[in-house]
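Residue numbers (this note's numbering), protein chains in the order written: chain C, 10 to 299; chain H, 96 to 431; chain G, 20 to 277.
Contents: one structure, followed by commentary.
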Amino acid sequence: MNEFIQAMGFGLVTASVLALAAVGLTLQFGVTNYANFAYGDIMTLGVYLTWALTTAAHLNFAIALVVAVVAMAGITAAVAEGVMGPFVRRRSPTVVLLMVTFGLSLILNSVILAIWGANSDAFQLPGTQPLHFGPLLLTPIQLTIIGGSIVAMVAIHLLLTRTGIGKRMRAVSDNRDLARVSGISPTPVVRATWAITGALATLAGVSLAVEASQFSPGLGEGFLFVIFAAVILGGVGRPYGAMLGALVVGLVTEVVALWLPQYKLDVAFVVLILVLLLRPQGLIASAGKV
Amino acid sequence: MSTLLPIFATAFMYVIIYAILSIGLNLQYGVTGIVNFTYYTFVAIGAYVAGVLTLGKPPAGSGETYILGLNLPFPVPIVLAALVAGLFGGLLALTVFRRLRSDYLAITTLCAGTVAFDIVTNSTGLFNGPNGIYGVPTPLASTFGVPPQNSYMVLIPIGLVILGLVWWVAHCIDLSPYGRTLRAIREGRDAAASFGKNTLRLQLGVMILGCAIAGIGGALTVEFVGAFNPSAFETVETFVVYAAVILGGPGNNLGVILGAVLVQGVIIQGSLYLPTIGAESLVPAIRNMVIGAMVILVLYFRPRGMVGETRPQLGVPRRWGIGRTLAPGSRGEADS
Amino acid sequence: MSVGARPLLDVVQVHKSFGGVEAVADCSFNVVEGEICGLIGPNGAGKSTAVGLIGGALRGDRGQVWFAQEDVTRWPAHRRARAGLLRTFQLSQEWPNLTVIENVLLAAPEQVGETLWSALSARRRMRRQEQENWGRAEHLLAVFGLAPLRDQLAWTLSGGQKRLLELARIAMGRAKLALLDEPMAGVSPALRASIISQIRDMQASGISFLLVEHDLGVVGELCSRVIVMATGRVLTEGTLDEIRQHPEVAAAYLGVSR
Numbered sequence: 010m011n012e013f014i015q016a017m018g019f020g021l022v023t024a025s026v027l028a029l030a031a032v033g034l035t036l037q038f039g040v041t042n043y044a045n046f047a048y049g050d051i052m053t054l055g056v057y058l059t060w061a062l063t064t065a066a067h068l069n070f071a072i073a074l075v076v077a078v079v080a081m082a083g084i085t086a087a088v089a090e091g092v093m094g095p096f097v098r099r100r101s102p103t104v105v106l107l108m109v110t111f112g113l114s115l116i117l118n119s120v121i122l123a124i125w126g127a128n129s130d131a132f133q134l135p136g137t138q139p140l141h142f143g144p145l146l147l148t149p150i151q152l153t154i155i156g157g158s159i160v161a162m163v164a165i166h167l168l169l170t171r172t173g174i175g176k177r178m179r180a181v182s183d184n185r186d187l188a189r190v191s192g193i194s195p196t197p198v199v200r201a202t203w204a205i206t207g208a209l210a211t212l213a214g215v216s217l218a219v220e221a222s223q224f225s226p227g228l229g230e231g232f233l234f235v236i237f238a239a240v241i242l243g244g245v246g247r248p249y250g251a252m253l254g255a256l257v258v259g260l261v262t263e264v265v266a267l268w269l270p271q272y273k274l275d276v277a278f279v280v281l282i283l284v285l286l287l288r289p290q291g292l293i294a295s296a297g298k299v
Numbered sequence: 096m097s098t099l100l101p102i103f104a105t106a107f108m109y110v111i112i113y114a115i116l117s118i119g120l121n122l123q124y125g126v127t128g129i130v131n132f133t134y135y136t137f138v139a140i141g142a143y144v145a146g147v148l149t150l151g152k153p154p155a156g157s158g159e160t161y162i163l164g165l166n167l168p169f170p171v172p173i174v175l176a177a178l179v180a181g182l183f184g185g186l187l188a189l190t191v192f193r194r195l196r197s198d199y200l201a202i203t204t205l206c207a208g209t210v211a212f213d214i215v216t217n218s219t220g221l222f223n224g225p226n227g228i229y230g231v232p233t234p235l236a237s238t239f240g241v242p243p244q245n246s247y248m249v250l251i252p253i254g255l256v257i258l259g260l261v262w263w264v265a266h267c268i269d270l271s272p273y274g275r276t277l278r279a280i281r282e283g284r285d286a287a288a289s290f291g292k293n294t295l296r297l298q299l300g301v302m303i304l305g306c307a308i309a310g311i312g313g314a315l316t317v318e319f320v321g322a323f324n325p326s327a328f329e330t331v332e333t334f335v336v337y338a339a340v341i342l343g344g345p346g347n348n349l350g351v352i353l354g355a356v357l358v359q360g361v362i363i364q365g366s367l368y369l370p371t372i373g374a375e376s377l378v379p380a381i382r383n384m385v386i387g388a389m390v391i392l393v394l395y396f397r398p399r400g401m402v403g404e405t406r407p408q409l410g411v412p413r414r415w416g417i418g419r420t421l422a423p424g425s426r427g428e429a430d431s
Numbered sequence: 020m021s022v023g024a025r026p027l028l029d030v031v032q033v034h035k036s037f038g039g040v041e042a043v044a045d046c047s048f049n050v051v052e053g054e055i056c057g058l059i060g061p062n063g064a065g066k067s068t069a070v071g072l073i074g075g076a077l078r079g080d081r082g083q084v085w086f087a088q089e090d091v092t093r094w095p096a097h098r099r100a101r102a103g104l105l106r107t108f109q110l111s112q113e114w115p116n117l118t119v120i121e122n123v124l125l126a127a128p129e130q131v132g133e134t135l136w137s138a139l140s141a142r143r144r145m146r147r148q149e150q151e152n153w154g155r156a157e158h159l160l161a162v163f164g165l166a167p168l169r170d171q172l173a174w175t176l177s178g179g180q181k182r183l184l185e186l187a188r189i190a191m192g193r194a195k196l197a198l199l200d201e202p203m204a205g206v207s208p209a210l211r212a213s214i215i216s217q218i219r220d221m222q223a224s225g226i227s228f229l230l231v232e233h234d235l236g237v238v239g240e241l242c243s244r245v246i247v248m249a250t251g252r253v254l255t256e257g258t259l260d261e262i263r264q265h266p267e268v269a270a271a272y273l274g275v276s277r
């Protein structure tokens, strides 16, 4: 029983990391209407940028993270505009857009390998001593990840419901043509979405790297399929669905880890296949995106 | 001479293998428009299956563990490798082709590839885990008395025969109504269904066929190299085959063979002999950046690749992949 | 159910809702062999959903679709097409990067080399049939005035030419019944008359039509009988003159009713 509670605790941590990543991915998928296979590498690039700021520039970790998040928002928006933009304006078929993101994934990963090499690195952070909460053992780092993720989710909620750009993002994601007809220009919306995606990917990547206590250039790519599982479980373009999907996938992976620790992430694939076979529109129903 | 010959022979063998792989992927991506982001996993399946069928039981006390070990004679392992890879391709297709957009298929294939990688790495009893299988003998080497380091002497002829066969199958498809129907699925799945094409079954068939060809390429790889382990089938490997197809000319079998010569023969084999600069991973990283950038640039500036798809004209049957080429201009906006 | 008495197309109490919205609500109507039947109604009346349900692109919640004396309700789209029930789409759905003649050839029914096995093994038979089909396709292109465009990629065609291409495909496919979803959308006035006369000629050659169209002028010229839909229901049917007298029809078109 205690093991199970502990697994749920770890599940919450995984879900928090996953929620950050999945919300970023699903927002972009919904607004631009194509999947981004470079997302894992955007996460990894965010991690290495943060790391470089703490080691080479000797910045405090928190400051480095903030700088990296802002920088990655800009970098992601610029790369999307420069590389994806021409293809989107030409109305290339989805198949081609997918190939371009796949190519971007290879390029970003190679850039990381070229600059930082193939070895594992780690953030040196305090707060690795676990604290007891009844049967639950969580480190201050893990608690910070959970708290940070909740804050980020609330921020995303406020952005989507209280700000003009957030409302326009939802409109474009729900029905691009209708949004255009109602006078919403998609270009600034798409740019803002990519920036938010880059920021969330960095937060997610750093959380993942800190939680796993070390990282290598393959960090994000290896985790990407779990993120996709959460996104599709929640329904593409549904940020709240992605949060729910992240929670489900996070808990399921850690519970499965009790029996099959080496396959804990792979269970996300089982979840994905089940969703695709039984409920392709995701947990929260939406028409037209299937 | 004595040092250059093995280098060129090795490069040539890899080009043959990648030409076979490119034709298989071209059937899926170039002709039918199926985005399979884990094509190389089926190469790995073929390699492992052919490997454990060719090898005998793991020697006692070696610490190796793998299934089967049946010591089967050539060419049985290659045939079975194709069948098993095709079977897994079909299973994957069955789960994802039910009315799903191309994004979902691409996502699912990518996920399946990651999971397959994890399973092969972690289940040491299957294909000896992270160490992989090794010591796979060259087929027919003992029959012809070829020393192991010269395995290309038997494998280049075998590879050329297989490449010829695979090309012939793809070429027949290209000229037939079957190939035309597959292209119609690429150009608009709903419209194809509305004209009586069983798109689900046709896509399923192409997944099986393309993955079986990948399995053949994998079998040749393991028989040539003699070893296969998880580090050989990371996602980048799939991208390299896509690069050959996209640079060469999606939809054109001769084009994708040219692409294989360029990407595998020139860029990858060539970069192996560049001097090491900086860290060990730097040259391959730069090479991959170049491949990725080339693919994106070609997709934008020359979407039909070096050669491009040809179109039939009455009285001028397309032979050897040469015919009236596609009119310049971008692909249409079709994606169902 | 008595067999043999049904009309060519018989739609019986078909129902389809999307997330609680009834797009088609217990609709029944039919198309008799040889006629051009119009299907009209204001935007959102459920006409395109009805076409989707008949063609098999959509699966209804309940009700039946009978075609040529067979219950095709559970048949997928491609099987209905093989039985001779072909459709067009509101937005023309040509195969953009195939040539015009390939677009027509693709519609040919029962092609020999259309499976992997026959493409490899029955090559002589395949080539013979292919030659016949080319001949027929060229003939149809000439009939539909598309012969000069034979080797052009289909995406280069104008809106009206794409509609003509769709009709040529339907003729090539040996349709018994063609469902045309707004065949005049995106057509220049110059090609209108040509499309109308082509549809008439196709009718004369034995193809029946269900014609979804906004333009009542076109409907009046082509259709002997018109079905009116509004808010997912069949409002009435009759000749165009008859339904013009119908008070509810006028109300539905003006959007005053209910």
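Don't be surprised by glycine CBs; every beta carbon is placed ideally from N, CA and C.
Model, not experiment: these values are computed from the prediction.
- State the Cα-Cα distance for the pair C:V245 and C:R288, rounded to the nearest angstrom. Stepping through the first sequence from its first residue, residue 245 of chain C is reached at position 236. Stepping through the first sequence from its first residue, residue 288 of chain C is reached at position 279. Approximately 12 Å, taken between the alpha carbons.
- Hey, does G:V237 have any beta-carbon neighbour from chain H nearer than 9 Å? Locating residue 237 of chain G in the third sequence gives position 218, where the first residue counts as 1. No, no contact with chain H.
- Query: Taking contact to mean at least 3 C-beta pairs separated by less than 8 Å, is the region 245-252 of chain G in contact with the region 72-82 of chain G?
  - Reply: no
- Task: Apply the 10 Å Cβ neighbour rule to C:M10 and answer buried if 16 or more other Cβ atoms are within range, or exposed otherwise.
- Result: On the first sequence, position 1 is the one that residue 10 of chain C refers to. Exposed.
- Counting only runs of 4+ residues fully inside the region 239-296 of chain C, write out the alpha helix (DSSP H) ranges in chain order. 248-265, 276-287
- Is the Cβ of C:T103 closer than 9 Å to any Cβ of chain H? Position 94 of the first sequence holds residue 103 of chain C. Chain H contact via Cβ: present.
- Three-state secondary structure (DSSP) of H:N131: One-based indexing of the second sequence puts residue 131 of chain H at position 36. It is coil, neither helix nor strand.
- With 16 as the cutoff for other CB atoms within 10 Å, does C:V280 come out buried or exposed? Taking the first residue of the first sequence as 1, we reach residue 280 of chain C at position 271. By the neighbour-count rule (16 or more Cβ atoms within 10 Å), C:V280 is buried.
- Item | H:I228 burial status per 10 Å Cβ neighbour count (16 or more: buried) | Counted from its first residue, the second sequence places residue 228 of chain H at position 133. With 16 or more Cβ atoms within 10 Å of its Cβ, H:I228 is classed as buried.
- Flag this pair as touching only if the region 212-230 of chain C and the region 122-140 of chain C have three or more C-beta atom pairs under 8 Å; answer yes or no. yes
- Please name the residue or residues paired with C:H141 in a DSSP beta bridge. Residue 141 of chain C sits at position 132 when you count from the first residue of the first sequence. Its beta-bridge partners are C:L146.
- Message: If contacts are defined as beta-carbon pairs under 8 Å, then H:L342 and H:V358 qualify, I think. What distance do you get, rounded to the angstrom?
- Response: As a first step, residue 342 of chain H must be located in the second sequence, where it is residue number 247. As a first step, residue 358 of chain H must be located in the second sequence, where it is residue number 263. Yes, they are in contact, since the Cβ atoms of H:L342 and H:V358 sit about 6 Å apart, within 8 Å.
- Message: I need the straight-line Cα distance from C:A28 to C:M52, nearest angstrom please.
- Response: The residue labelled residue 28 of chain C in the question sits at position 19 within the first sequence. The residue labelled residue 52 of chain C in the question sits at position 43 within the first sequence. Approximately 13 Å, taken between the alpha carbons.
- Message: Tell me which residues share the same chain as H:L163 and place their Cβ nearer than 7 Å to its Cβ, disregarding the 5 neighbours each side in the sequence.
- Response: The sequence position of residue 163 of chain H within the second sequence is 68, counting from 1. Here the set comprises V147, L148.
- Considering only residues of the same chain and omitting the five flanking positions on each side of H:V317, which have a CB-CB separation below 7 Å? On the second sequence, residue 317 of chain H is found 222 positions in, with the first residue counted as 1. Taken in chain order, the residues that qualify are A142, A145, G146, V231, F323.
- Item | Nearest-angstrom beta carbon gap, H:G291 and G:P128 [assumed within contact, 8 Å] | Stepping through the third sequence from its first residue, residue 128 of chain G is reached at position 109. Stepping through the second sequence from its first residue, residue 291 of chain H is reached at position 196. Correct: roughly 6 Å between the Cβ atoms.
- Query: Residue ranges of each alpha helix (DSSP H) run of no fewer than 4 residues wholly in the region 222-301 of chain H, ordered along the chain?
  - Reply: 236-239, 247-270, 272-282, 284-289
- Is H:C54 close to chain G, meaning its C-beta is less than 9 Å from at least one C-beta of that chain? There is no way to answer for residue 54 of chain H, as the model of chain H reaches only from 96 to 431.
- Item | Per-residue burial, H:G410 [other beta carbons within 10 Å of its own, 16 or more giving buried] | As a first step, residue 410 of chain H is located in the second sequence; it is residue number 315 there, counting from the start. The pLDDT assigned to H:G410 is 43, lower than 50, so where the model puts this residue is not dependable; a value taken from the coordinates is nonetheless given after this. Exposed.
- Task: Give me the Cβ distance between C:V56 and C:V215, rounded to the nearest whole Å; I'm assuming they're in contact under 8 Å.
- Result: Here the question's residue 56 of chain C lines up with position 47 in the first sequence. Here the question's residue 215 of chain C lines up with position 206 in the first sequence. Between C:V215 and C:V56 the Cβ distance is about 6 Å, and since that is below 8 Å, they are a contact.
- Query: At a CB-CB cut-off below 7 Å, which residues of chain H make contact with C:P95?
  - Reply: Taking the first sequence and counting its residues from 1, one reaches residue 95 of chain C at position 86. Per Cβ cutoff of 7 Å: Y395.
- Item | DSSP state of H:M384 mapped onto helix, strand, coil | The sequence position of residue 384 of chain H within the second sequence is 289, counting from 1. Here H:M384 sits in helix by DSSP.
- Query: If you draw a straight line from the alpha carbon of G:L254 to that of C:T85, how long is it in whole angstroms?
  - Reply: Looking up residue 254 of chain G in the third sequence gives position 235. Looking up residue 85 of chain C in the first sequence gives position 76. Distance between the alpha carbons of G:L254 and C:T85: 54 Å.
- Residue range of the alpha helix (DSSP H) that includes C:A82: Your numbering for residue 82 of chain C matches position 73 in the first sequence. Per DSSP, C:A82 belongs to the alpha helix (DSSP H) from 70-88.
- Item | For G:A44 and G:H34, the rounded distance between their alpha carbons | Counted from its first residue, the third sequence places residue 34 of chain G at position 15. Counted from its first residue, the third sequence places residue 44 of chain G at position 25. Taking the straight line from one Cα to the other gives about 5 Å.
- Beta-ladder partner(s) of H:F323, from DSSP: Taking the first residue of the second sequence as 1, we reach residue 323 of chain H at position 228. H:F323 pairs with H:I228.
- What in chain G is Cβ-close to H:K292, meaning under 7 Å? Here residue 292 of chain H refers to the residue found at position 197 of the second sequence. Within 7 Å Cβ-Cβ: H97.
- Coarse secondary structure for H:D213, derived from DSSP in three states: Start at 1 with the first residue of the second sequence, and residue 213 of chain H comes out as number 118. If DSSP states are grouped into helix, strand and coil, H:D213 belongs with the helices.
- Task: Identify whether H:K152 lies in helix, strand or coil by the three-state DSSP scheme.
- Result: Residue numbering aside, residue 152 of chain H sits at position 57 when the second sequence is read from its first letter. Three-state DSSP puts H:K152 in coil, outside helix and strand.
- Message: I need the straight-line Cα distance from H:A309 to H:Y135, nearest angstrom please.
- Response: Counting from one through the second sequence, the residue named residue 309 of chain H turns up at place 214. Counting from one through the second sequence, the residue named residue 135 of chain H turns up at place 40. When rounded, the distance between both Cα atoms is 7 Å.
- Expected contact under 8 Å - CB spacing of H:M108 and H:I251 to nearest Å: For this step, residue 108 of chain H is matched to residue 13 along the second sequence. For this step, residue 251 of chain H is matched to residue 156 along the second sequence. That pair is a contact at about 6 Å.
- Identity of the residues DSSP links to G:M248 by a beta bridge: Within the third sequence, the letter at position 229 stands for residue 248 of chain G. Answer is G:V253, bridged to G:M248.
- Message: Using a Cβ-Cβ cutoff of less than 6 Å, which residues in the same chain neighbour H:G418 once the five nearest sequence positions on both sides are dropped?
- Response: One-based indexing of the second sequence puts residue 418 of chain H at position 323. Low confidence applies to H:G418: its pLDDT is 42, below 50, so where it sits in the model is not reliable, and the reading given next is rough at best. Only T405 meet the Cβ criterion.
- Message: Counting beta carbon pairs with one atom in the region 160-174 of chain G and one in the region 134-141 of chain G, are three or more of them shorter than 8 Å?
- Response: no
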